[in-house]
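Chemist:
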Amino acid sequence: MYWKGEDLNLKGVDELNIAFGLIRNGSEIFIPDVERGFDLKSELKKLKERYKDLKVIISVGGWGAEGFSDMANDPKLRSEFCDNAKKIILDYDFDGIDIDWEYPVGPDWGLPIKTRPEDRENYVILLNDLRNMLFDLSKNTGKKYVLSVAVPASPWFLQKNDVVAVSKIVDHLKVMSYDYYGSWSSTTGHHANLYNNPKDPAWGGWSTDQAVKLYLSVVPSEKIWVGVPFYGRGWKGVKNENNGLFQPYKESIEAISWDKIKELMKSGKFNRYWDDIAKAPYLFDGDIFVTYMDKEALDYVIDYVKRYKLGGIFAWEYAHDMKGELLEYISSKK
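Going letter by letter, the sequence shown gives residues 1 to 334 in full-length UniProt numbering.
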């Protein structure tokens, strides 16, 4: 299934990221869906005709995407990558590029991508080369292009990488403040809680607030975007104590879209609970536990972004909220 330009309700949205472009042959950027026959170019043209102020960005990388470390470590490949980025931007009339390298220097747990210690320096060099390319392109087209990065809500990323240097180059950093809990966790828990619940058994717990505070220590507030998930995570065979929160389980469940979560709530089988410390909702039926984000949780995130004068909110991903309910709600609070 491919989205058509007329299917998307992007009222109030400033930026749309097309995810993902990938790297092959050292420096080439390709979009898998385009190679499968999707006419992205014409659909983007229709979309921009409907939303005159919308910026459409190509996001390169994503979870498990290879190629960054070798490319960034080789001046020739890096130069070719920047040339290819310019070509794809012009070809599709993109308004910039987002680098989603997961992750320079060291991979996340269980993610077997190639990394090297030199990634720390090469990450900054790559971004600087891209910024210079976009600056030169702007002189020819008269457009201002966006350069952004997706970064994890994890302290080790700031320890391993020169985030200060990165923040001076890019327009914004998208903090992926979700997936705190999942199939890799030993108990159930919140996967996008704003604040930490001290009872959280996972290495003292984690939260969006803790992640943002770390980035605020080295990054200007207006360059930080907070991520919110339009999906939930779940577990089966959950111990029936504490309404299922922070309990052992037998089996994890794949990511659950917001549309599916609404069906679960309407089924009458689940009770909704609210963790007022973490500012996070969850569902439990005595066996299945679901962590997710809803409008009440979004209210707290939106207020938080305004209070700390952050750059904005982004969501992963549109397809999990097909009716645009959560997206419209966020846009209405601007």
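For glycine and all other residues, C-beta sits at the position ideal for the given N, C-alpha and C.
Where does V218 land, buried or exposed, given buried means 16+ other C-beta within 10 angstroms?
Modeler: Classification for V218: exposed.
Chemist: Residues in the same chain with beta-carbon distance under 8 angstroms from L77, minus the five sequence neighbours each way, listed in chain order, please.
Modeler: Excluding positions up to five away in sequence, the list reads G26, S27, D70 and M71.
Chemist: Quick one: Cα of K52 to Cα of H172, how far?
Modeler: Straight-line Cα distance between these residues: approximately 22 angstroms.
Chemist: For my contact list, I256 and Y215 are in at a C-beta cut-off of 8 angstroms; report their separation, rounded to the angstrom.
Modeler: Actually they are not in contact, since the Cβ atoms of I256 and Y215 sit about 28 angstroms apart, beyond 8 angstroms.
Chemist: On a Cα-Cα basis, can you pick out the residue from K41, K223 and K236 that is closest to I288?
Modeler: Closest by alpha carbon: K236.
Chemist: With distances taken from CA atoms, which of F68, Q210, L10 and V60 is nearest residue 404?
Modeler: This structure cannot speak to residue 404, because the chain is shown only from 1 to 334.
Chemist: Mapping DSSP to helix, strand and coil, what is K86?
Modeler: In the structure shown, K86 sits in a helix (DSSP, three-state: H, G or I).
Chemist: Measure the C-alpha to C-alpha separation of G12 and K239 and round it to an integer number of angstroms.
Modeler: Straight-line Cα distance between these residues: approximately 42 angstroms.
Chemist: Kindly indicate which three-state DSSP category T291 falls into: helix, strand or coil?
Modeler: Strand, per DSSP.
Chemist: Quick check: the region 284 to 302 against the region 263 to 274, are there 3 or more CB pairs under 8 angstroms?
Modeler: Touching, yes, given that three or more Cβ pairs across the two stretches are closer than 8 angstroms.
Chemist: Could you pull out every residue in the same chain whose Cβ sits closer than 8 angstroms to the Cβ of T115, ignoring the five residues on either side in sequence?
Modeler: S69, Y103, P104, V105, G106 and P107.
Chemist: Looking only at its chain, what residues have a beta carbon closer than 8 angstroms to the beta carbon of D321, apart from the 5 residues adjacent to it on each side?
Modeler: Contacts found: F230, S257, W258, D259, A315 and L327.
Chemist: Is it the case that the region 129 to 148 contacts the region 184 to 195, given that we only count it when at least three CB pairs across the two stretches are under 8 angstroms?
Modeler: With a cut-off of 8 angstroms, the region 129 to 148 and the region 184 to 195 do not count as touching, because too few Cβ pairs lie within range.
Chemist: Quick one, are the C-beta atoms of F20 and G62 less than 7 angstroms apart?
Modeler: Yes, the pair counts as a contact, with Cβ atoms nearer than the cut-off.
Chemist: Is V290 close to chain C? Criterion is C-beta to C-beta, closer than 7 angstroms.
Modeler: Absent here is chain C; the protein component of the structure consists of one chain.
Chemist: Any idea which residues DSSP pairs P201 with across the strands?
Modeler: For P201, which the question treats as bridged, DSSP gives no partner whatsoever.
Chemist: Note down, in chain order, each residue of its chain lying with its Cβ closer than 6 angstroms to the Cβ of H190, except the 5 sequence neighbours on either side.
Modeler: Excluding residues within five positions, the ones whose Cβ falls inside 6 angstroms are A278, A280 and T291.
Chemist: Taking the continuous beta strand (DSSP E) assigned at V34, which residues delimit it?
Modeler: Where V34 is concerned, there is no enclosing beta strand (DSSP E), although the alpha helix (DSSP H) it sits in stretches over P32 to E35.
Chemist: Among the residues of its own chain, which have a CB less than 6 angstroms from the CB of G324, if the five just before and after it don't count?
Modeler: Excluding sequence neighbours, G324 sits near N9.
Chemist: If you reduce the DSSP assignment to three classes, tell me which class N196 lands in.
Modeler: If DSSP states are grouped into helix, strand and coil, N196 belongs with coil.
Chemist: Measuring only the C-alpha atoms, how far is V56 from L44?
Modeler: Roughly 8 angstroms separates the two Cα atoms.
Chemist: Taking the runs of the alpha helix (DSSP H) that are 4 residues or longer, which of them lie wholly in the region 247 to 296?
Modeler: Runs of the alpha helix (DSSP H) inside the region 247 to 296: 258 to 266.
Chemist: When the Cα of W101 is compared with those of N122, I89, V34 and D33, which residue comes out closest?
Modeler: Answer by Cα proximity: N122.
Chemist: Is the beta carbon of V305 sitting closer than 7 angstroms to the one on V226?
Modeler: Their beta carbons are under 7 angstroms apart, which means V305 touches V226 by this criterion.
Chemist: With a threshold of 16 other CB atoms inside 10 Å of the CB of Q247, please say whether the residue is buried or exposed.
Modeler: The residue in question, Q247, is buried, as its Cβ has 16 or more Cβ neighbours within 10 Å.
Chemist: Enumerate in chain order the residues of its own chain whose CB-to-CB distance from R120 is below 8 angstroms, with the five nearest sequence positions on each side excluded.
Modeler: Cβ within range, chain order: P104, V105, K160, N161 and D162.
Chemist: Which residues in the same chain as P201 place their Cβ atom closer than 7 angstroms to its Cβ, once the five residues preceding and following it in sequence are excluded?
Modeler: Closer than 7 angstroms at the Cβ level, and outside the excluded window around P201, lie T187 and F246.
Chemist: Can A153 and M176 be called in contact, C-beta distance under 7 angstroms?
Modeler: In contact: A153 and M176 (Cβ atoms closer than 7 angstroms).
Chemist: To the nearest whole angstrom, what separates the beta carbons of L127 and I169, a pair I think is in contact under 8 angstroms?
Modeler: Sure, about 5 angstroms apart at Cβ, within 8 angstroms.
Chemist: What's the C-alpha gap between S167 and S332?
Modeler: Distance between the alpha carbons of S167 and S332: 29 angstroms.
Chemist: Would S59 and D98 be called neighbours here (beta carbons separated by less than 7 angstroms)?
Modeler: Yes.
Chemist: Among residues of its own chain, excluding the 5 on either side of D334, which ones have a beta-carbon nearer than 8 angstroms to its beta-carbon?
Modeler: Correcting the residue identity first, residue 334 is Lys in this sequence and not Asp. Counting only Cβ-Cβ distances below 8 angstroms, and skipping sequence neighbours, we find G12.
Chemist: Starting from the C-beta of K269, find all residues in its chain whose C-beta is less than 7 angstroms away, skip the five residues before and the five after it, and write them out in chain order.
Modeler: Taken in chain order, the residues that qualify are D285.
Chemist: To the nearest angstrom, report how far apart D33 and K262 are at their CA atoms.
Modeler: Roughly 29 angstroms between the two C-alpha positions.
Chemist: Tell me which same chain residues have a C-beta within less than 7 angstroms of the C-beta of E317, skipping the five on either side of it?
Modeler: Excluding residues within five positions, the ones whose Cβ falls inside 7 angstroms are F230.
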